[in-house]
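First the structure, in the form of structure tokens, and then the observations on it.
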Amino acid sequence: MPAALFMTQVLSLFRDATHHSFSPEDIAREINDVLAENNPTMMFCTYIVGVLKGNKLTFCNAGHNKPVIIRKDKQPELLQMRPHTALGLMEGFPYKNESLILAPDDVLLLYTDGVTEAMDVHHEQFGESRLIDALSANNNDYIDSVLSKVESFVGNYEQSDDITILSITATSK
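Structure, rendered in structure tokens:
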């Protein structure tokens with residue numbers, strides 16, 4: 008229950024922050040500072056926020072898993088980005104915007120740690136390399152491909168975390 012209340016607070020702070028700015032770094036800083044101000048339990052939230060204008064994505068990552076970029080005729084790869092701390096851990100953290108130009112048909116895949124940390128009966132994690140493999144051997148049905156590979160890997164072992172996947176495909180317009 009405390010985690011659910013914390014996430015409700017994060018969502019409320021996000022809504023409020025977007026009334027002041029559409030800059031991902033400003034939004035992350037504002038949410039982080041409020042959360043970190045009085046946080047004796049050290050609860051935190053990994054977070055990524057972005058603004059897409061045309062083919063330019065401006066984003067800020069606060070400790071969240073690196074998205075995967077899938078460019079036409081290239082192997083999927085983890086998006087390289089600055090290492091930022093999760094929200095709520097350190098007041099005044101200097102989050103910085105980053106940007107990425109997406110070409111038509113580029114795909115950006117975002118996912119929660121429930122994907123890469125899914126475990127099999129031997130307590131081995133699915134991991135980033137299996138994620139990349141699942142995306143490499145696919146026919147553009149990225150979400151179903153990853154979910155299928157995770158389910159196959161985990162087998163009957165109990166799911167320990169939420170699994171969320173978001174796929175964004177760039178268009179030519």
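Residue numbers (the numbering used here): 8 to 180.
Heads up, the beta-carbon is just placed ideally off N, CA and C, and yes, glycines get one too.
- Just tell me which of LEU138, MET126 and ILE38 has its CA closest to the CA of ARG22. Checking every option, the nearest Cα to that of ARG22 belongs to ILE38.
- Expressed to the nearest angstrom, what Euclidean distance is found between the alpha-carbon atoms of LYS194 and HIS71? Coverage of the chain is limited to positions 8 through 180, which leaves residue 194 absent and any answer about it impossible.
- Query: Which residue's Cα is closest to the Cα of ASN163: VAL128, LEU107 and ASP148?
  - Reply: VAL128
- Item | Helix, strand or coil at LYS103 [DSSP, three-state] | Coil.
- Residue from PRO101, ASP113 and ILE108 with nearest C-alpha to TYR149: Checking every option, the nearest Cα to that of TYR149 belongs to ASP113.
- Task: Indicate whether ILE43 and ILE34 have their beta-carbon atoms separated by less than 7 Å.
- Result: Correcting the residue type first, residue 43 is Ala in the shown sequence and not Ile. Going by beta carbons, ALA43 and ILE34 fall outside the 7 Å limit.
- Where the beta strand (DSSP E) containing LEU115 begins and where it ends: Unbroken beta strand (DSSP E) run through LEU115: 114-118.
- CB PRO74 to CB LEU86, shorter than 7 Å? yes
- Item | Of the listed residues VAL41, ILE76 and THR123, nearest to PRO111 (C-alpha basis) | ILE76
- Query: Which same chain residues, not among the five before or five after GLU135, have their C-beta less than 6 Å away from its C-beta?
  - Reply: Closer than 6 Å at the Cβ level, and outside the excluded window around GLU135, lie THR123.
- Output the boundary residues of the alpha helix (DSSP H) element that contains ILE34. 31-44
- Buried or exposed (CB count within 10 angstroms, at least 16 for buried), PRO101: exposed
- Message: Given this structure, state the Cα-to-Cα distance separating LYS63 from LEU107, to the nearest angstrom.
- Response: 6 Å
- Just tell me which of ARG36, GLN82, CYS67 and GLY121 has its CA closest to the CA of MET97. ARG36
- Whose C-alpha, out of ASN46, PRO9 and GLU84, is nearest the C-alpha of LEU142? The shortest Cα separation from LEU142 among ASN46, PRO9 and GLU84 belongs to GLU84.
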